Each structure stands twice: as structure tokens, then as C-alpha cells.
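Report on one structure; see the data block that follows.
Residue numbers (my numbering): 1079 to 1392.
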């Protein structure tokens, strides 16, 4: 996380995100992921999937924690009104059949910062199984009929289009988000920042607020950042998604089309229990390019927790 600056250890004006976990601690979470398209004030929900996960502390040492992140359930929340909703329902059913019960094993340092995954190869095999079993469903996508009509091998096309490594990265993305602040300290209070453009990042404005509840001993971290993408970079971004043939065809039109800067708004909110377990996490990410606003919202909320189970035990 880059939205706040770590403070010196022991600074009373800062909250330190530190894991105070015990062996056999468990936390159950529901993760809801939604994608929206917003254009001319109209919002259309593209996808809405909920995932139930169980995080277990397998071992606790002075150097850190060995932990398990297990998928328990998958739910598709679209109403099924449109054909694409039904397609998504079938994919989530496949996802649930194959990935329920699958665990990602990982290790953290003593603060709770993730340092290693120990079984991603096994998870990758499960993902390959999921993709193979989903080919029949994928092949029902309407635009693939046009590929079939010109002799394209749809199965081969899908294999090249769906990257197992990217899918695994997606599986661990929510887990990474939950532990992304661990090991850092954040100054209590609120402030705004203006960051100039550099070689590695766009110019941006940010608002950051950190609070500590003296009664519950819990704490919250909030950040909202707007990044400004120059029109020239918007053009490069679009070019990267198009084929060489399309780029050649549209090249003369680019300068007249890409005249506006893009905007990316990115929001984070973390609420923690005193022992460092996340209580609630929100991320809202929304690139706005030429009036086309695509928003991804992730909500992570605890459902059940059992802590202190390994205290005073070997």
C-alpha cells in the first residue's frame, strides 16, 4: 500500500497493523466482488459473485505464522434476466464444484505480512481442471459462433485466451488485499496530498484518514486517490488492447479521438480488530476513460471468528 507513510515504531500518534494471532485461530469471511459499467449517468451491473473463505492459523512461531486460506462456497448474485447472467451462473457452478475445499497455504512474517505461498502449483492444477471443465460453457458465448464459422478452433482459442497464472493471481488477490497493510504503521488523523507525475506514477490527489477507537481498541484506515492519465497514455492503453491490424486501420483517427485525459479513482477502507484480524475491507477501483467508467468493488466482511484456541498449548 502506498497511500500512507510508515511511522517510527512506538509513536503514540500512529496505529501499527500487527498480527497478534494464535495457533488454531480461525476467521470466516464473505467476499463480494462486483463489476459495473457507468456511462452517461446510467449504471449497469456486469457481475456479482460472493465467495466464502476460512482462514486458519496452522502454526505460530516467533518468526511468523503458517496459515491456510480455504474456499468454502461460491454464489452468483445476478438475477438471471439476461443470457449472460445464465452463462455466469453456469461458470460459478463449475467454480463451486471444483474450487470448494481447495486451500491456499501461505506464510507471513511476525507482523502478518505475507512472505510466501507454499502450494500454488497444486492450486494451479485445480484451476486447469476448472478451465477444462468450463470449455463447454465458454463455447456458448455468442461471439464464438462467428469464430467457428470461419474455421477457428474454439477450444484452442479459449486455451490461449485464459491464462492459468492470471487466474491463480486472481484467487490470491483478495487474500493479498486483506493483509496488505500488515507490518506498517499509519499516522492517526487526516490529511490531503498532491503527488506530481513521475516516471513510475501519474499525478494524483489523495485524501487519507486514520483513526483509533480507545474503547474497542480497533482502528480504521481510509484512502481515496484520484490519478490523472494524460491523453497520450490513454491512447497507448487502448492500442495495447487492439490487434496490429486494427491499430493500423485506426492510426490516423487516434489523434482526433484521444483528446481527453483519463481519470482513475481508487478507494481503500480497512477496519481491524485489536488483534490485527481484518473486520471489514473495501476496495473500489474505477478507471474513467473518455466517459466510459468501469468500476470494480470488493467488499470483505467477517462472519465468524474463533480466537485464542492455541493459547498456552504446544
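All C-beta atoms, glycine included, are put in the ideal place defined by N, C-alpha and C. Model, not experiment: these values are computed from the prediction.
Below 8 Å between beta carbons: does that hold for residue 1196 and residue 1187?
-> Taking the chain shown and counting its residues from 1, one reaches residue 1196 at position 118. Taking the chain shown and counting its residues from 1, one reaches residue 1187 at position 109. In this structure, residue 1187 does not lie closer than 8 Å to residue 1196 by Cβ.
For residue 1245, which of helix, strand or coil comes out of DSSP?
-> Within the chain shown, the letter at position 167 stands for residue 1245. DSSP places residue 1245 in helix when its eight states are reduced to three.
How would you call residue 1269, buried or exposed, if buried means at least 16 neighbouring beta carbons within 10 angstroms?
-> For the purposes of this step, residue 1269 is taken as the residue at position 191 of the chain shown. Exposed.
In chain order, each alpha helix (DSSP H) run of at least 4 residues that lies wholly inside the stretch 1183-1218 | 1198-1216
Relative to the alpha-carbon of residue 1109, which residue among 1126, 1098, 1363 and 1093 has its alpha-carbon at the smallest distance?
-> Sequence index remark: in the chain shown, residue 1109 carries index 31 (1-based). If we check each option's Cα against that of residue 1109, 1126 comes out closest.
According to DSSP, is residue 1125 helix, strand or coil?
-> Residue mapping note: residue 1125 aligns to position 47 of the chain shown, counting from 1. In this structure, residue 1125 counts as strand in the three-state DSSP scheme.
Starting from residue 1339, trace the beta strand (DSSP E) both ways and give me its first and last residue.
-> In the chain shown, the residue the question calls residue 1339 occupies position 261. Going by DSSP, residue 1339 is part of no beta strand (DSSP E) at all; its letter is neither H nor E.
Just the C-alpha distance for residue 1085 and residue 1208, rounded to the nearest angstrom, thanks.
-> Here residue 1085 refers to the residue found at position 7 when the chain shown is read from its first residue. Here residue 1208 refers to the residue found at position 130 when the chain shown is read from its first residue. Interpretation of residue 1085 is limited by its pLDDT of 38, a score under 50 that renders its predicted location unreliable; the figure taken from the coordinates is listed afterwards. Computed Cα separation, rounded: 44 Å.
Would residue 1261 be called buried (16 or more neighbouring beta carbons within 10 Å of its own) or exposed?
-> For the purposes of this step, residue 1261 is taken as the residue at position 183 of the chain shown. Classification for residue 1261: buried.
For residue 1291, is the classification buried or exposed, using 16 other Cβ atoms within 10 angstroms of its Cβ as the cut-off for buried?
-> As a position in the chain shown, residue 1291 is number 213, starting the count at 1. Residue 1291 should be labelled exposed.
Would DSSP call residue 1321 helix, strand or coil?
-> Here residue 1321 refers to the residue found at position 243 when the chain shown is read from its first residue. In this prediction, residue 1321 scores a pLDDT of 48, lower than 50, which makes its location untrustworthy; no coordinate-derived value is stated.
Kindly provide the ranges of any alpha helix (DSSP H) runs that are 4 or more residues long and lie completely inside the stretch 1258-1312, ordered along the chain.
-> none
So, do the stretch 1113-1126 and the stretch 1243-1256 have three or more beta carbon pairs nearer to each other than 8 Å?
-> no
Cutoff 6 Å; reference residue 1327; Cβ partners in own chain excluding five residues on either side | Taking the first residue of the chain shown as position 1, residue 1327 is located at position 249. Note on residue 1327: pLDDT 49, under 50, position unreliable in the model; the coordinate value appears next. There are no such residues.
Any C-beta of chain B sitting closer than 8 Å to the C-beta of residue 1354?
-> Of the protein chains in this structure there is only one, and it is not chain B.
Within 10 angstroms of the Cβ of residue 1080, are there 16 or more other Cβ atoms? Answer buried if so, exposed if not.
-> On the chain shown, residue 1080 is found 2 positions in, with the first residue counted as 1. At residue 1080 the pLDDT is 40, less than 50, meaning the model places this residue with poor confidence; the figure from the coordinates comes in the next sentence. The residue is exposed, with fewer than 16 neighbouring Cβ atoms inside 10 Å.
Check whether residue 1189 and residue 1138 have beta carbons under 8 Å apart | Locating residue 1189 in the chain shown gives position 111, counting from the first residue. Locating residue 1138 in the chain shown gives position 60, counting from the first residue. Cβ distance not < 8 Å, so residue 1189 and residue 1138 don't count as in contact.
Distance, residue 1273 Cα to residue 1380 Cα | The residue you call residue 1380 lines up with position 302 of the chain shown. The residue you call residue 1273 lines up with position 195 of the chain shown. Taking the straight line joining both Cα atoms gives about 34 Å.
Quick one: residues in its chain with C-beta nearer than 7 Å to the C-beta of residue 1115, no 5 flanking neighbours on either side, listed in chain order?
-> Walking along the chain shown from the start, residue 1115 turns up at place 37. Only 1122, 1124 and 1372 meet the Cβ criterion.
Would you report the Cα separation of residue 1200 and residue 1169, rounded to the nearest angstrom?
-> Working through the chain shown from its first residue, we reach residue 1200 at position 122. Working through the chain shown from its first residue, we reach residue 1169 at position 91. If I take the Cα positions, the gap works out to 21 Å.
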